[in-house]
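In our numbering, the protein residues as written are 394 to 585. A virtual CB, placed ideally from N, CA and C, is assigned to each residue, including glycine. Take a look at the structure below.
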């Protein structure tokens, strides 16, 4: 009989009051009202060491990229270890001739669908997801990218696109020493 009263929808007021007090006490204790540390700003000591090579910069300045272009390293199909490919990644859908966005000479224009995919997850599509292996193979084969190629990512759109391309290549195991990001994108290159 008591069990039936407790689990029915019409509970007595004292039961609701007891549950409310228990939940309030738990929340106050968990939120710092009843214990724990009151000094979260100053740790006693830090035991972690700085990341090795943290001063390494992934950014390439426009002047450096220009010198690589002048040296013939961009689009160099002859050399195996001094090849630079500029990946201009963005939400591009227009043909190259009709594109109003500035583009660096020799850059490989890569549209968003080449490095982003959608996958069906039970009841709905999940997007944007990292490119599949087949998609990556198509991109690297189209532009002649191999393990000795230095890749410079840029965009004439928002920087998110170039950083997305960078992390997609990192996800698929490209060495970080070979992946660079053009500081300021296409606009900075055009101004320089």
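* Asked: Going along the chain, which residues of its own chain have a beta-carbon closer than 6 Å to the beta-carbon of residue 543, five neighbours each way excluded?
  -> So the qualifying residues of the chain are 477, 571.
* **CA-to-CA distance, residue 515 to residue 568, given in whole angstroms** => 34 Å
* Cβ-based burial, residue 458 [other Cβ within 10 Å; buried from 16] -> buried
* Is the beta carbon of residue 482 less than 8 Å from the beta carbon of residue 508? -> yes
* Looking at the unbroken beta strand (DSSP E) that takes in residue 572, where does it start and where does it end? -> Where residue 572 is concerned, the enclosing beta strand (DSSP E) stretches over 572-575.
* What is the DSSP secondary structure of residue 505, reduced to helix, strand or coil? -> helix
* Have a look at residue 470 and residue 541 and give me their C-alpha separation to the nearest angstrom. => 12 Å
* State buried or exposed for residue 452, treating a residue as buried only when at least 16 other CB atoms are found within 10 Å of its CB. => exposed
* Out of 546, 518, 512, 517, state which residue places its alpha-carbon closest to the alpha-carbon of residue 504. => If we check each option's Cα against that of residue 504, 546 comes out closest.
* Assumed close pair residue 462, residue 498 - CB separation to whole angstroms, cut-off 8 Å -> A Cβ-Cβ separation of about 7 Å places residue 462 in contact with residue 498 under the 8 Å criterion.
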